[in-house]
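Reviewing the structure listed below.
Number of protein chains: 2
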Amino acid sequence: MGIKERKELEKQEMRKLILDTAMKLFLEKGLENVTIRHIAEKIEYSPATIYLYFKDKDDIIYTLHREGFEQLYKLQQTTLSIRDPLERLRKQGEVYVSFAMENPEYYDLMFIMRGPVRKIKEMKIKEMKEWDIGSRSFEFLRQNIKECMEAGLFPEADLDVAAFSVWAYAHGIVSLIIRDRCMMFPEDKIRHIVDEALDFMFGTMFDDKVKIKL
Amino acid sequence: MGIKERKELEKQEMRKLILDTAMKLFLEKGLENVTIRHIAEKIEYSPATIYLYFKDKDDIIYTLHREGFEQLYKLQQTTLSIRDPLERLRKQGEVYVSFAMENPEYYDLMFIMRGPVRKIKEMKIKEMKEWDIGSRSFEFLRQNIKECMEAGLFPEADLDVAAFSVWAYAHGIVSLIIRDRCMMFPEDKIRHIVDEALDFMFGTMFDDKVKIKL
DNA sequence: AGATTTAACTGAACATTGTTAACTTAATTA
DNA sequence: TAATTAAGTTAACAATGTTCAGTTAAATCT
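In the order they appear, the protein sequences are chains A and B.
Just so you know, we're using this note's numbering here: the first sequence kicks off at 745 and counts up by one.
Just so you know, we're using this note's numbering here: the second sequence kicks off at 745 and counts up by one.
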């Protein structure tokens, strides 16, 4: 009965081919400018074939969205080697921002575009089990902040609020840049401002040396 | 020679009709789901007519984008009555977040969608004079922060970095909500978290009472 | 006032998009 | 070998933004 498995494997390979091609095109031409037909042309199949492997375009985008979260989660995990929770939190911030800056299309998919969320909501009606993969990453951040609080390294506050705030800050930085709202800064200074902004957050939030001089 | 003027007036009225209708549809159906044809149908003209008043769809969106910035700028100005620059800054934050939460489609247009930026860049090639309207609002924030710094109420840092950081933080909060990335929180708790997050920022940044207890 | 130019508007088309249904062909099973 | 299943394509659909040739209606000129 090896045939069933081979078929399954081929199916998976085709899915992967479609996904990889889609992602490559997204990187080349930008998220907005990739069509099913482009993908089909690139892999030299007819457009209709793609619909044998994915329900619709949002399904492709959603799957890439999941892959992005896998990647991000793995990156987040690399900070686990750091003992000091505050230092770990800072590293997490850096990792998050780097990921966004190096993979803006992935980031857009994951945190800005509407498509994936549509799909998630559509799915949640049927299968409640498949609870969205993003909350895992958020939980990780939340846990880290909890540790910081417990160690007295972080202002006491509602944990949800604190975690959301830190996330929002990092998201604000990268999403303003990804969606090109920083035209007031010279192109070559942007990366510097991003890094400084991260420092600024940690500085004002936790570092007494940078605190207000009275 | 009153005819030329009447014609000009009618032209402006038609533009306004199109813009208002477009905005109304955006509010009703969401930004993504409004087409030129919908707008045309609503005002009972043919689709082609719209192209007599606007170059293309991005042009409509860009014009609404400008109107949004007018509105926001006016709101910002209302904070000028506040003497204490730090308090004024806080109020500015509140105003910004309220604007976003009450006019999510406008906010999306102004700070998330790609269309308007495309238009701005396209225009900047020809006419350098029309420098983008958003920087005026940013300048306002910047100035406010500068005053805070001079009064010793704000951590000393590169002014650009500080202003960008504060903006990014507020933007992060509202854009995560507008683009529906907060599914982990119960619907009815979201507004509360938003408000708390704003407090959290100001608390950690400036308020010693909320500072780390050693 | 009548002829002519100008402005406002439309109908029909174009190319592109996502998506689907009927069909063909190749592979697997009986 | 015949029947069934899977994989893929072709051709079409409706919806989108956009354009262009034409048609009225208004304004201007003589």
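Ideal placement from N, C-alpha and C gives every residue a C-beta, glycine not left out.
- Task: Please list the segments of the beta strand (DSSP E) lying wholly inside the segment 799-867 of chain A, counting only runs of 3 or more residues, in order along the chain.
- Result: The segment 799-867 of chain A contains no whole beta strand (DSSP E) run of 3 or more residues.
Roughly how many angstroms separate the alpha carbons of K768(A) and L761(A), rounded to a whole number?
10 Å
Checklist entry - Buried or exposed: which applies to K755(A), given that a residue is buried once 16 or more other Cβ atoms fall within 10 Å of its Cβ? => result exposed
Legend entry - C-beta neighbour in chain A for M928(B), strict 7 Å: yes
Using a beta-carbon distance cut-off of less than 7 Å, what residues from the segment 837-867 of chain B approach chain A?
-> F855, I856, R858 and V861
Minimum C-alpha distance to G774(B) - residue among K799(B), N847(B) and S842(B)
N847(B)
Cβ shell of I889(A) (< 7 Å), same chain only, five flanking positions each side left out = L833, F898, L903, A906, A907 and V910
Buried or exposed, going by whether 16 or more other CB atoms sit within 10 Å of the CB of A912(A)?
buried
For this session: Could you spell out the range, first to last residue, of the alpha helix (DSSP H) harbouring F882(A)?
Result: G878 to E894
key: Within-7 Å CB hit, H809(A) to chain B   = no
Review point. With DSSP run on the structure shown, which of helix, strand or coil describes K957(A)?
Key: In this prediction, K957(A) has a pLDDT of 31, which is less than 50 and means its spatial position is unreliable; what the coordinates show is noted afterwards. K957(A) falls in the coil class under three-state DSSP.
Q) My guess is that F813(B) and G878(B) are in contact by the Cβ rule of under 8 Å, so how many angstroms apart are they, rounded? A) Contact between F813(B) and G878(B) holds: their C-beta atoms lie close to 6 Å from each other, under 8 Å.
Using the three-state DSSP reduction, which class does A901(B) fall into: helix, strand or coil? coil
| said: Less than 8 Å between C-beta atoms, sequence neighbours within five positions excluded: which residues of the same chain meet that for F798(B)? | reply: R759, I762, I804 and T807
### Query
Sorted by chain position, which residues of the same chain lie with C-beta nearer than 6 Å to A844(A)'s C-beta, five sequence neighbours on each side aside?
The answer, listed in chain order, is Y851 and V918.
Chain B contact for K920(A) (CB, 7 Å cutoff): Lys is not the amino acid found at residue 920(A); the sequence shown has Leu there. Chain B contact via Cβ: present.
TODO: Can you pull the chain B residues whose beta carbon is under 8 Å from the beta carbon of D924(A), in chain order?
DONE: R858 and V861
Practice task
Measure from the C-beta of H782(A) to each C-beta in chain B and report whether the shortest distance is under 7 Å.
Solution key: no
(Q) Counting only Cβ pairs nearer than 8 Å, list the residues of chain B close to A912(A). (A) Y913, G916, I917, L920 and A941
Run through DSSP, which three-state label would R925(A) get? coil
Inset, instruction - Identify the contact partners of E894(B) in chain A, using a Cβ-Cβ distance below 7 Å as the criterion. - result: Neighbours of E894(B) on chain A: none; closest Cβ ~12 Å, over 7 Å.
Check: Should I937(B) be flagged as near chain A, meaning a C-beta pair shorter than 7 Å?
Finding: yes
* Within this structure, are the beta carbons of R925(B) and F770(A) separated by less than 7 Å? -> Cβ distance not < 7 Å, so R925(B) and F770(A) don't count as in contact.
Grouping DSSP H, G and I as helix and E and B as strand, with all else coil, what is T779(B)?
coil
Handout entry: Three-way DSSP call (helix, strand, coil) for Y913(A) in this model
Key = helix
- Message: Cβ closer than 7 Å: which chain A residues qualify as neighbours of T948(B)?
- Response: P899, T948 and M949
Under the three-state DSSP convention, the category L796(B) falls into
coil
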